[in-house]
Amino acid sequence: MFTGIVEELGEIVRLEHTTDDSAVLAVRGPLVTEDAQHGDSISVNGVCLTVIDNVDGVFTADVMGETLRRSSLGALEVGSQVNLERAAALGSRLGGHLVQGHVDGVARVIAREPAADWEVVRFSLPAELAKYVVEKGSITVDGVSLTVMAVDDDTFSIGMIPTTSKLTVLGSKQPGEPVNIEVDVIAKYVEKMLGGRNV
Numbered sequence: 001m002f003t004g005i006v007e008e009l010g011e012i013v014r015l016e017h018t019t020d021d022s023a024v025l026a027v028r029g030p031l032v033t034e035d036a037q038h039g040d041s042i043s044v045n046g047v048c049l050t051v052i053d054n055v056d057g058v059f060t061a062d063v064m065g066e067t068l069r070r071s072s073l074g075a076l077e078v079g080s081q082v083n084l085e086r087a088a089a090l091g092s093r094l095g096g097h098l099v100q101g102h103v104d105g106v107a108r109v110i111a112r113e114p115a116a117d118w119e120v121v122r123f124s125l126p127a128e129l130a131k132y133v134v135e136k137g138s139i140t141v142d143g144v145s146l147t148v149m150a151v152d153d154d155t156f157s158i159g160m161i162p163t164t165s166k167l168t169v170l171g172s173k174q175p176g177e178p179v180n181i182e183v184d185v186i187a188k189y190v191e192k193m194l195g196g197r198n199v
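In UniProt numbering, the protein residues as written are 1 to 199.
So this is what it looks like as structure tokens:
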């Protein structure tokens, strides 16, 4: 479980496709690896990955085909920057919202609209996820916990403050680039409990 508060920008140092349906990812992240052990969870652009090993500030993780298909990890290259967050510890502050690291889909940046002190960023919204996204609700974009400013049938917008722009990969994302989306898990549980009924 994560909070969507990015701890550091990491760098992809190796992405090796071991078969047609899996890959090994090596990521440099001195902060998140300072106490990382085999089996620990680290969020990479919002995808929960399991640490295989940790050597000199670089951790490796296996990535299965399901993850490559449902996320933008397969589009990364050596040198790509990524958002990194260690799993939340019980008793720590929950600065964002409950984030599982289970990506629901891939969206794309549509537009960036600068304002004096912040920026509105608009994203595409996959049709199958639209019902889970609400104005003023929480959403995770590339592992960053954000508040939805506006939403319609096929887009949503967030307000990005300078801190988010400087400290996460979202600051450099341009129109057309992919981002990982995780909707609020509470909405999915409510839907399940209601049996898919429209209320």
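Ideal placement from N, C-alpha and C gives every residue a C-beta, glycine not left out.
As the structure is a computational prediction, the values presented were derived from the model and not from experiment.
- Compute the beta-carbon to beta-carbon distance between Arg122 and Thr155, rounded to the nearest angstrom, for a pair I have assumed lies under 8 Å. 6 Å
- Message: Excluding the 5 residues flanking Val78 on each side, which residues of the same chain have their C-beta closer than 8 Å to its C-beta?
- Response: Ile12, Val13, Arg14, Leu15
- When the Cα atoms are used, what is the spatial distance from Leu31 to Val179? 23 Å
- Query: Under a three-way DSSP split, which group does residue 203 fall into?
  - Reply: Nothing about residue 203 can be reported from this structure: the residues present for the chain run from 1 to 199 only.
- Message: In this structure, how does DSSP classify Thr67 when only helix, strand and coil are distinguished?
- Response: helix
- Message: Assuming contact is defined by CB atoms lying nearer than 9 Å, are Thr60 and Val24 in contact in what I supplied?
- Response: yes
- Item | Segment limits, beta strand (DSSP E) that includes Glu113 | 105 to 114
- Task: Alpha carbon to alpha carbon, how far is Arg28 from Ala36? Give it in angstroms, no decimals.
- Result: 12 Å
- Close beta carbons around Leu130, own chain, < 8 Å, minus the five adjacent residues each side: Checking the sequence, you will find Ala at residue 130 rather than Leu. Here the set comprises Val151, Asp153, Asp154.
- Item | Under 9 Å between C-beta atoms of Asp142 and Thr163 | no
- Query: On the premise that Val44 lies in contact with Leu73, defined as a C-beta separation below 8 Å, what is that separation, rounded to the nearest angstrom?
  - Reply: 7 Å
- Determine the closest residue to Ser41 out of Gly101, Ala187, Ala26, with distance taken between C-alpha atoms. Gly101
- Near Asp21, what residues of its chain come up, given a Cβ to Cβ distance below 6 Å and the 5 sequence neighbours on each side ignored? Gly65
- Taking Ile158 as part of the alpha helix (DSSP H), name the residues at either end of that continuous run. Where Ile158 is concerned, there is no enclosing alpha helix (DSSP H), although the beta strand (DSSP E) it sits in stretches over 155 to 160.
- Thr3 in three-state terms, based on DSSP: coil
- Task: Name the one or two DSSP bridge partners that Gly10 has.
- Result: Val82
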